[in-house]
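See below for the structure under consideration.
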Amino acid sequence: MRTQVVIIGGGPSGLLLGQLLHRKGIETVILERKTREYVLARIRAGILETGLVELLREAGVSERMDRESLVHDGTCISYENELFDINFSKLIGQNVVVYGQTELTRDLYDAREAAGGRMIFETENVEIHDTERDAPYVTFTVDGTEQRIDCDFIAGCDGFHGVSRKTIPDSVRKEYEKVFPFGWLGILSETPPVHDELIYANSQRGFALCSMRNENLSRYYVQCELTDRVEDWSDEAFWEELKRRLPEAVADKLVTGPSIEKSIAPLRSFVCEPMRWGRLFLCGDAAHIVPPTGAKGLNTAASDVHYLYEGLVQFYQDKDAEGLDTYSQRALARIWKAERFSWATTNMLHRFPDQSDFDLKMQRAEIESLHHNEIAQRWFAQNYVGLPY
Ligand code: FAS
Ligand code: PHB
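Position one of the sequence shown corresponds to residue 0 (numbering that gives the first Met the number 0), numbered consecutively onward.
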């Protein structure tokens, strides 16, 4: 088998890159180790930056998003009984779109099928070969049969636990990591959202987040211990804890109901440099991870896709490798800013086991500055809606 670009990973990064390249006549094959159903069952991101919305439009997969998504002009932050709004539209004339990653991934799968794009599910033993030559190839097994795909380029869109990153030699690869001493317990419930915008809550008992997918599908999170297991948390225990972390007026309005999904995610910051090794390009969670506090994970994967897509089109259409040669540097410049915002918002809103009384005063002062200082709010808004590509 031969193609122009092999994409390893059928999550949002791989699917979006494949769809964009297809519309430019660049042939790809996507290898996914799980099934489509498995990928779509993962509940993840919910907030889309403008850049990602525009990429989805360019990819021709925005029709359902335009019909079903919510547009949010701002977000709310609460601390004990205080609640304030940061109005992105008033401050910087921009907004964000609320549309679940699951739905976005479903739209991309449908587009891939409609385009007749090659997608091989349940692949095993994926190995990347000869990335330092101009004729790389990928081997893998499917249904017990060994396969090989010769190609021009390989896009490693296989997430944090994929194989691509490790293909870059240890002597070349530099990894930066910070593991946070807590996780997020999240639930999905078919209940009306407690507020018309998201609420990021700092409380003495820990962080909480009130999010949503639509008018009757809510997504809530509470900060939890790393040792917690989902089975330790009944729905009742979750709702009671969430109420304790919200301002009373908000907690009183909370509509509870049975969880239809419940999971715990660990929080880490992680970056791999470089994001290129010869003909291999890392994209999305394969190269970087953020704590979800700043809603940057999926959105930073999108900017990687943008840079890589631009570079590949420039190569195939203009025989110019400049975009590919600058890919890693351009992507990392934006990634590190997203890492900083995610790290800063996580530090501002969570309770850390080793926090001193002084640390708590600093945290409170930071939130109060954000509450009352328009310049601080503008800076928060610019980062939250997404820095330019
Ligand atoms: P993904 O991990 O989504 O996709 C990688 C794909 O590659 C997977 O389908 C995997 O099966 C496949 N794969 C892996 N190894 C392979 C191999 N060897 N061969 C073939 N295929 C292979 N971001 C936010 O913005 N907000 C959130 O609230 C949020 N919550 C999250 C919760 C969790 C539990 C996790 C893990 C992440 C969360 N994220 C969130 C971040 C998340 O949305 C990612 O940024 C996003 O999924 C990145 O997409 P991909 O880069 O495509 O990686
Ligand atoms: C979500 O809706 O899942 C979500 C929203 C914003 C975040 C993190 C998660 O910062």
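Glycine included, C-beta positions come from ideal geometry on N, C-alpha and C.
Owing to the predicted nature of the structure, the values given are computational and were not obtained by experimental measurement.
Check this for me: beta carbons of residue i and residue j, under 8 Å apart or not?
| i | j | result |
| --- | --- | --- |
| Gly453 | Ile25 | No answer is possible for residue 453: it lies beyond the span of the chain, which begins at 0 and ends at 388. |
| Arg212 | Gly115 | no |
| Leu197 | Cys282 | no |
| Val52 | His71 | no |
| Gly182 | Ile288 | no |
| Phe152 | Ala380 | no |
| Gly17 | Glu31 | no |
| Leu15 | Ala285 | no |
| Gly322 | Gln313 | yes |
| Arg377 | Leu90 | yes |
| Leu187 | Ile42 | yes |
| Leu103 | Pro192 | no |
| Leu386 | Lys318 | no |
| Val28 | Val5 | yes |
| Phe237 | Leu307 | no |
| Val229 | Lys261 | yes |
| His370 | Phe83 | yes |
| Ser368 | Val249 | no |
What residue from the options has the CA that sits closest to residue i's CA?
| i | options | result |
| --- | --- | --- |
| Tyr388 | Leu359, Phe340 and His305 | His305 |
| Arg278 | Arg1, Glu145, Gln93 and Cys150 | Cys150 |
| Arg56 | Lys177, Leu187 and Ala110 | Ala110 |
| Leu359 | Arg63, Lys173, Glu79 and Ala58 | Glu79 |
| Glu240 | Tyr219, Glu131, Leu225 and Thr226 | Tyr219 |
| Pro290 | Phe280, Leu307, Phe269 and Arg275 | Phe269 |
| Thr166 | Val193, Glu123 and His128 | His128 |
| Ser202 | Asn215, Lys242 and Glu224 | Lys242 |
| Asn215 | Met0, Arg35 and Ser68 | Ser68 |
| Val162 | Glu123, Glu131, Glu36 and Thr190 | Glu123 |
| Ile148 | Arg333, Cys271 and Val137 | Val137 |
| Asp65 | Val38, Gln93, Val97 and Lys23 | Val97 |
| Pro265 | Ile85, Phe179 and Asp133 | Phe179 |
| Lys33 | Asp142, Ile85, Phe340 and Val384 | Asp142 |
| Arg333 | Gln362, Ala343, Asp303 and Thr344 | Asp303 |
| Phe159 | Cys271, Phe139, Trp276 and Thr190 | Cys271 |
| Trp342 | Asn382, Glu367 and Glu112 | Asn382 |
| Pro273 | Leu311, Ala330, Glu247 and Lys252 | Ala330 |
| Arg275 | Ala250, Gly310 and Pro246 | Gly310 |
| Val384 | Glu81, Ile85, Ala58 and Pro246 | Ile85 |
Hey, would you say the C-beta of residue i is under 7 Å away from at least one heavy atom of the ligand FAD?
| i | result |
| --- | --- |
| Glu31 | The ligand FAD is not among the ligands present in this structure, which contains only the ligand FAS and the ligand PHB. |
Any 3 or more C-beta pairs closer than 8 Å across the segment 204-222 and the segment 334-350: yes
Beta carbon shell of the ligand PHB at less than 5 Å from a heavy atom: With 5 Å as the limit between CB and the heavy atoms of the ligand PHB, the residues that fall short of it are Gly45, Ile46, Ser210, Arg218, Pro291 and Ala294.
Cβ pair count under 8 Å reaching 3, the segment 289-309 against the segment 39-52: yes
Meets three-Cβ-pair contact criterion under 8 Å: the segment 244-256 and the segment 171-182: no
Length at least 3, wholly inside the segment 129-165: the beta strand (DSSP E) runs in chain order: 136-141, 144-149 and 152-155
Alpha helix (DSSP H) segments (min. 4 residues) lying fully within the segment 30-97: 35-40, 49-57, 62-67 and 87-91
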